Amino acid sequence: MRVNFEKCIGCMECIPYCPVGAIMPQGDKCTIDEDRCLECYVCLKADVCPVDALEKMPLKWPRILRHQFSSVAMIHKDTGIDGRGTAEMKTNDVTGRYRHGEVGFTVDVGRPGVGATFEDVEKISMAVAKVGVEFERMNPVTKLMKDKIEGRVRDEIKTERILSCVLEFKTEDSKTVCVINALKDVSKLVNTVFSVGCICRCKPDGTIPVKSILDEAGIFYRPNGKINIGLGRPLAP
Amino acid sequence: MVVGMDIPFGACRMRLRRKFPGIYETVKKTLLNLGMLNVLRTIKKIRPRRRCQGPVFNNKKELVAYLKELKEKRTGKSVVVSGLFEEVNECLKEINLTPHTVQFSLGIFGKKELLPRDEILEITTMCGHHTISPRLVEKLARDVRDGKISSKEAVRVMSRQCVCAVCNESRAQKLIETLAK
Numbered sequence: 002m003r004v005n006f007e008k009c010i011g012c013m014e015c016i017p018y019c020p021v022g023a024i025m026p027q028g029d030k031c032t033i034d035e036d037r038c039l040e041c042y043v044c045l046k047a048d049v050c051p052v053d054a055l056e057k058m059p060l061k062w063p064r065i066l067r068h069q070f071s072s073v074a075m076i077h078k079d080t081g082i083d084g085r086g087t088a089e090m091k092t093n094d095v096t097g098r099y100r101h102g103e104v105g106f107t108v109d110v111g112r113p114g115v116g117a118t119f120e121d122v123e124k125i126s127m128a129v130a131k132v133g134v135e136f137e138r139m140n141p142v143t144k145l146m147k148d149k150i151e152g153r154v155r156d157e158i159k160t161e162r163i164l165s166c167v168l169e170f171k172t173e174d175s176k177t178v179c180v181i182n183a184l185k186d187v188s189k190l191v192n193t194v195f196s197v198g199c200i201c202r203c204k205p206d207g208t209i210p211v212k213s214i215l216d217e218a219g220i221f222y223r224p225n226g227k228i229n230i231g232l233g234r235p236l237a238p
Numbered sequence: 002m003v004v005g006m007d008i009p010f011g012a013c014r015m016r017l018r019r020k021f022p023g024i025y026e027t028v029k030k031t032l033l034n035l036g037m038l039n040v041l042r043t044i045k046k047i048r049p050r051r052r053c054q055g056p057v058f059n060n061k062k063e064l065v066a067y068l069k070e071l072k073e074k075r076t077g078k079s080v081v082v083s084g085l086f087e088e089v090n091e092c093l094k095e096i097n098l099t100p101h102t103v104q105f106s107l108g109i110f111g112k113k114e115l116l117p118r119d120e121i122l123e124i125t126t127m128c129g130h131h132t133i134s135p136r137l138v139e140k141l142a143r144d145v146r147d148g149k150i151s152s153k154e155a156v157r158v159m160s161r162q163c164v165c166a167v168c169n170e171s172r173a174q175k176l177i178e179t180l181a182k
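Dropping the structure here:
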């Protein structure tokens, strides 16, 4: 995004709408920090500029990734899903992605609301890759990896900044604590925040195997979360 | 509590392709011949599919009634409830359902000093995509405090930023009133 200086009247109405504070005053007008800007178009959609001074810039590779991961309305061509392009556990009753004996993780990098570069994403993916995880194939970040075993992303995207993206992977439930420890260690090395979700298929009686693993290890989890209630029709085996 | 109905669009297409490959290809070719495929693709680009949609409940009774209705409709679509595990499980028991898959939140890791203060975060995190800017929340709280707008209007301005429309407006209003004091 850019501000058309000719049109801008310096009312500053747009400034608070940017989720990452990329719009700032410059003299008696506004400007957009190109490095900070995520191309999410939230400022444009807010429609608060009285003179339409906020303008889209043409987006080429790799900058277009900013828009693809930061704009809610985008449908990721690799997964056919909008937003961050992930289904995660929400359709597990249909897809069977996470099975008994497995634990899934979602690492929402840049969330909540800080943003991140793919350089930080790679630090996290490489840290968990060392424990031995399987990255979800139908995930836009996995599609950007040049090495899915080591968790390395393509070199040309590392400096691109996004509002957030979701690393998705799974492993045997016996490795749950190792993964969480790896995440704790790498959290000291990144220049962003990330939110971690831990996914578990429930037993027929509703008990949650990973809960006892987390409780025994003294790992904190919130009392609220997401529950897929199993009304989806499974895909054919 | 939020009930979000998730439509596994990709999974439906995969199911059709796998079960009826001949029909799938015929439909695709027919649409292509009619020039409709590109039209459909264009429409899809212009009007992104709303994947997540669902009401927000603030009492168990209404949630149970809603879930009972969904269960009876047998749409075959996934349903995800976000809320306190204990409360949601109680509701599920009333309609003889057990959780299929759960996701625990292990919290936030990393450089937490980059985050806005908790009172702001409580509001901005209502939008799962973080399109509600913390600076906007601060500005609106100031405007409410200064009597420029009501807390209800402030919430309306904020909610318009959230595309998925799962912002809990009554809770947001209470939070912004507290912030404005």
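Chains A and B supply the protein sequences, listed in that same order.
Heads up, the first sequence is in the numbering used here, so the first residue is 2 and it goes up one at a time.
Heads up, the second sequence is in the numbering used here, so the first residue is 2 and it goes up one at a time.
Ideal placement from N, C-alpha and C gives every residue a C-beta, glycine not left out.
All values derive from a computational prediction rather than experimental measurement.
Residue i: contacting residues in chain D (beta-carbon distance under 7 angstroms)
i, result
"B:V82", "No chain D appears in this structure, whose protein chains are A and B."
C-alpha gap between residue i and residue j, whole angstroms
i, j, result
"B:L68", "B:T99", "12 angstroms"
"A:K189", "B:K113", "10 angstroms"
"A:R155", "A:K147", "5 angstroms"
"B:T102", "A:C199", "11 angstroms"
"B:A173", "B:I124", "6 angstroms"
"A:E35", "A:E120", "18 angstroms"
"A:H68", "A:L39", "6 angstroms"
"B:R51", "A:R138", "Any reading at B:R51 needs caution, since the residue's pLDDT is 42, under 50, leaving its predicted position unreliable; the model's value is listed next. Near 23 angstroms, if we compare the C-alpha coordinates of A:R138 and B:R51."
"A:V187", "A:V180", "11 angstroms"
"B:T179", "B:R161", "21 angstroms"
"A:R100", "A:T32", "49 angstroms"
"A:A88", "B:V81", "11 angstroms"
"B:L116", "A:K61", "30 angstroms"
"A:C19", "A:L45", "9 angstroms"
"A:G22", "A:P210", "42 angstroms"
Short Cβ contact (9 angstroms threshold) for residue i with residue j
i, j, result
"A:G111", "A:V129", "no"
"A:A117", "A:S72", "no"
"A:N182", "B:S79", "no"
"A:R162", "A:R3", "no"
"A:G231", "A:T172", "no"
"A:V197", "B:L137", "no"
"A:V95", "A:R202", "no"
"B:F105", "A:R223", "yes"
"B:E139", "B:V156", "no"
"B:T132", "A:V167", "no"
"B:E95", "B:V57", "no"
"B:S134", "A:P17", "yes"
"A:V104", "A:D174", "yes"
"B:E120", "B:L176", "yes"
N- and C-terminal bounds of the alpha helix (DSSP H) containing residue i
i, result
"A:D53", "Counting along the chain, A:D53 falls outside any alpha helix (DSSP H), and DSSP gives it neither H nor E."
"B:M159", "S152 to Q162"
"A:C44", "V43 to A47"
"A:T160", "Per DSSP, A:T160 belongs to no alpha helix (DSSP H) and is neither H nor E."
"B:L85", "Unbroken run through B:L85 is the beta strand (DSSP E), S79 to L85; no alpha helix (DSSP H)."
"B:K140", "P135 to R146"
"A:V129", "F119 to A130"
"A:K1", "Examination of residue 1 of chain A is not possible in this model, given that chain A is present from 2 through 238 alone."
"A:D34", "Looking at the DSSP string, A:D34 is not in any alpha helix (DSSP H), and its letter there is neither H nor E."
"B:T179", "E170 to A181"
"B:K62", "K61 to K74"
"A:V95", "N93 to T96"
Which of helix, strand or coil DSSP assigns to residue i
i, result
"B:K112", "coil"
"A:V191", "coil"
"A:E14", "coil"
"A:R202", "strand"
"A:D29", "coil"
"A:L39", "coil"
"A:F70", "helix"
"A:A184", "Sequence check: residue 184 of chain A is Leu here, not Ala. Note: A:L184 maps to helix in three-state DSSP."
Segment limits, beta strand (DSSP E) that includes residue i
i, result
"A:F170", "C166 to E173"
"A:N225", "N225 to N229"
"B:T126", "B:T126 -> no beta strand (DSSP E), and no H or E assigned at all."
"A:V110", "E103 to V110"
"A:K147", "M146 to D148"
Check whether the stretch 114-126 of chain A touches the stretch 89-106 of chain B, counting contact only when three or more Cβ pairs, one atom from each stretch, lie closer than 8 angstroms. no
Check: With contact counted as at least three CB pairs below 8 angstroms, one residue from each stretch, are the stretch 3-10 of chain A and the stretch 43-59 of chain A in contact?
Finding: yes
Contact between the stretch 95-113 of chain A and the stretch 180-197 of chain A is defined here as three or more beta-carbon pairs at a separation below 8 angstroms; is this criterion met? yes
- Three-pair Cβ contact test at 8 angstroms for the stretch 131-145 of chain A versus the stretch 138-153 of chain B: no
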